Amino acid sequence: MSRVVSGLRKLPDWQHDALIVISSLLVGSVLFATGLYPLFRLDDRIPLWVRLLLFGGICAVEAFRRIAPGTALAVGTAFLVVDCVVGVSTPTLVVYADLLYAATLYGPRRLSRDMVPIAVLTSISTITATVVLVPGWRATVLAAFAVLPFLLIPVWWATNVRQHQRMAEVERANARQLAKIAELDRTAAVAAERAHMARDLHDVIAGHLSAIAIQAEAALSLKDEDPMTRVVLRSVRENSVSALEEMRAMINLLRADVTAPDEPTAPARLAQLSRLIESAQAGGMRLDVRVDYDDTEPLPAAVDLTAYRIAQEALTNAMKHAPRTSVVLELRRTDTEMVLEVVNELRDGGDGGGLGTGLLNMRERTAAVGGSLTAGPADGSWKVRAVLPLPEVER
Numbered sequence: 422m423s424r425v426v427s428g429l430r431k432l433p434d435w436q437h438d439a440l441i442v443i444s445s446l447l448v449g450s451v452l453f454a455t456g457l458y459p460l461f462r463l464d465d466r467i468p469l470w471v472r473l474l475l476f477g478g479i480c481a482v483e484a485f486r487r488i489a490p491g492t493a494l495a496v497g498t499a500f501l502v503v504d505c506v507v508g509v510s511t512p513t514l515v516v517y518a519d520l521l522y523a524a525t526l527y528g529p530r531r532l533s534r535d536m537v538p539i540a541v542l543t544s545i546s547t548i549t550a551t552v553v554l555v556p557g558w559r560a561t562v563l564a565a566f567a568v569l570p571f572l573l574i575p576v577w578w579a580t581n582v583r584q585h586q587r588m589a590e591v592e593r594a595n596a597r598q599l600a601k602i603a604e605l606d607r608t609a610a611v612a613a614e615r616a617h618m619a620r621d622l623h624d625v626i627a628g629h630l631s632a633i634a635i636q637a638e639a640a641l642s643l644k645d646e647d648p649m650t651r652v653v654l655r656s657v658r659e660n661s662v663s664a665l666e667e668m669r670a671m672i673n674l675l676r677a678d679v680t681a682p683d684e685p686t687a688p689a690r691l692a693q694l695s696r697l698i699e700s701a702q703a704g705g706m707r708l709d710v711r712v713d714y715d716d717t718e719p720l721p722a723a724v725d726l727t728a729y730r731i732a733q734e735a736l737t738n739a740m741k742h743a744p745r746t747s748v749v750l751e752l753r754r755t756d757t758e759m760v761l762e763v764v765n766e767l768r769d770g771g772d773g774g775g776l777g778t779g780l781l782n783m784r785e786r787t788a789a790v791g792g793s794l795t796a797g798p799a800d801g802s803w804k805v806r807a808v809l810p811l812p813e814v815e816r
């Protein structure tokens with residue numbers, strides 16, 4: 422049954438309307454054939470073909486229920502009036518109820534708003550015609566109990582459906598706007614983080630390249646009769662200067678889309694981790710720090726910087742999404758890698774996330790040094806784990 426309903430919903434509008442018209446014709450034909458069509462006892466002097474003609478006409482009008490709902494309702498009303506004159510038939514009244522429903526649901530906003538008074542007036546007119554044309558109070562009571570549901574319930578139902586459709590459209594529009602805002606925020610955050618990474622890259626590498634170039638220049642100024650040595654030194658100097666220029670060009674490219682003013686900052690290192698810890702604790706975080714490596718052994722500059730930035734971002738996320746909770750920060754170093762883990766308690770219903778820009782920034786930084794990062798819920802906590810490989814020459 423659910424498959425049938427799902428299949429009907431997927432039909433194009435014109436096929437859906439054609440199916441409704443065919444169903445009306447079939448049901449009405451059965452009622453006329455079995456003699457169950459009168460709403461109450463009718464004048465037998467009216468030929469059956471007249472009633473069939475009226476029914477066929479209003480079914481033809483029903484085909485335009487979605488294309489021209491207002492016009493279809495007006496023409497259908499004319500058929501209903503004539504049908505009331507010759508005696509109200511149930512099939513014609515059912516089709517007219519569908520025209521009321523369609524005019525309320527698919528018609529212009531003004532027509533939809535006016536459908537309630539139109540339905541009330543039509544009901545009163547139908548009952549009045551019954552009183553005039555059919556003697557006896559029983560016919561009047563029967564008409565009231567039969568006609569009112571046929572005319573008022575479709576309008577009420579369609580009004581509710583239209584209101585829900587309007588609310589759903591507003592929700593969809595709001596969701597689209599929120600998605601656009603989130604994407605803009607994510608793009609801005611990534612651009613800002615790349616600019617920050619560019620500054621860090623410049624601070625870490627530029628000094629080394631400049632030192633190489635200066636030392637090569639100084640060596641060239643010494644008297645060395647070995648021509649091969651001078652060729653090598655000249656090549657070292659030229660390559661270091663060229664690398665420095667290319668790196669600056671790359672940094673300018675990374676920062677091209679960022680309009681925020683430059684921030685003159687020194688590259689952050691794990692040696693400054695104590696300041697970060699003090700800042701987090703001052704914000705109410707219950708922080709447990711576990712360091713398992715010899716901080717006197719130098720780390721590669723890129724790994725040192727990346728580990729600090731990931732710790733900073735992870736603690737910031739914990740403070741933002743789970744404030745005043747217990748957090749564990751653990752640093753371990755082996756011969757081949759530096760492992761950083763930040764684990765914080767999850768608030769009820771929390772997901773540790775947000776717009777996802779913090780995680781995106783951490784993943785970009787980790788990938789830049791060839792590492793891997795995982796982040797997600799684990800045993801009632803939110804866990805961030807970064808594995809940063811140590812280069813062969815630095816072990």
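For the sequence shown, our numbering gives the first residue as 422, with consecutive numbering after it. Heads up, the beta-carbon is just placed ideally off N, CA and C, and yes, glycines get one too. Treat the numbers as computed from the prediction; the structure is a model and nothing was measured.
- About 6 Å separates the beta carbon of Leu532 from that of Ala524, a gap short enough to meet the 8 Å contact definition.
- Out of Asp438, Leu809, Ser444 and Pro512, the CA that lies nearest to the CA of Arg486 is found in Asp438.
- Ala799 and Arg593 have their alpha carbons spaced roughly 33 Å apart.
- Taken atom to atom, the span from the alpha-carbon of Gly779 to that of Gln733 is near 10 Å.
- In the assembly as shown, Gly449 is a buried residue. Its beta-carbon has 16 or more other beta-carbons within 10 Å.
- Thr561 has its alpha-carbon roughly 26 Å from the corresponding atom of Asp535.
- Excluding sequence positions up to five before and after Glu604, its CB lies less than 6 Å from no other CB in the same chain.
- By the neighbour-count criterion, in which 16 or more other beta carbons inside 10 Å mark a residue as buried, Asn765 falls on the buried side.
- Around the C-beta of Val805, 16 or more other C-beta atoms lie within 10 Å, and the residue is accordingly described as buried.
- Assignment of alpha helix (DSSP H) within the segment 528-586, counting only whole runs of 4 or more residues, yields 530-554 in chain order.
- The C-beta distance from Tyr517 to Gly497 rounds to 5 Å, short enough to fall under 8 Å.
- The beta carbon of Ser544 sits closer than 8 Å to those of Val568, Leu569, Leu572 and Leu573, all from its chain and outside the five residues before and after it, given in chain order.
- The closest CA to that of Trp435, considering only Gly477, Glu483 and Trp578, is found on Glu483.
- Between the beta-carbon of Leu767 and that of Val790 there is about 29 Å, and that puts the pair past the 8 Å contact cut.
- Straight across, the Cα-Cα distance linking Arg786 with Glu758 is about 15 Å.
- Under DSSP, Asp438 takes part in no beta bridge, so it has no partner.
- When rounded, the separation of the alpha-carbon atoms in Arg753 and Ala796 is 18 Å.
- If you ignore the 5 residues before and after Val506, its C-beta comes within less than 8 Å of the C-beta of Ala550 and Leu554, all in its own chain and listed in chain order.
- DSSP places Thr525 in the helix class (H, G or I) of the three-state scheme.
- Within its own chain, the residues whose Cβ lies closer than 7 Å to the Cβ of Leu473, once the five positions on either side in sequence are excluded, are Phe453, listed in chain order.
- For Thr547, the number of other beta carbons within 10 angstroms of its own is at least 16, and it is reported as buried.
- Counting the other CB atoms within 10 Å of its CB gives His617 a total of 16 or more, which places it among the buried residues.
- The C-beta separation of Leu720 from Leu691 comes to about 7 Å, placing the pair in contact by the 8 Å criterion.
- The beta carbons of Glu614 and Leu781 sit closer together than 9 Å.
- For Lys741, DSSP records no beta bridge to any residue.
- Membership of Arg754 in any alpha helix (DSSP H) is not indicated; the residue belongs instead to the beta strand (DSSP E) covering Ser747 to Arg754.
- Taking the C-beta atoms as reference points, Leu750 is found no nearer than 9 Å to Val724.
- Of the candidates Leu501, Ser444 and Ile443, the residue whose Cα lies closest to the Cα of Val471 is Leu501.
- If you draw a straight line from the Cα of Met783 to the Cα of Pro648, it comes to about 48 Å.
- Taking the Cβ atoms as the reference, Gly705 lies roughly 4 Å from Arg745, within the contact range of under 8 Å.
- Rounded to the nearest whole angstrom, the C-alpha separation of Asp519 and Ala610 is 54 Å.
- By the Cβ-count criterion, Ser444 is exposed, with fewer than 16 other Cβ atoms from all chains shown falling within 10 Å of its own Cβ.
- For Pro810, the enclosing beta strand (DSSP E) has its first and last residue at Ser802 to Pro810.
- Short of 6 Å from the beta carbon of Leu736, and not among the five residues preceding or following it, lie these beta carbons of its own chain, in chain order: Ala701.
- Residue state for Gly705 is assigned as coil, using DSSP reduced to three classes.
- By the criterion of a C-beta distance shorter than 6 Å, Tyr522 is surrounded in its chain by Pro575 and Ala579, once the five residues flanking it on both sides are discounted.
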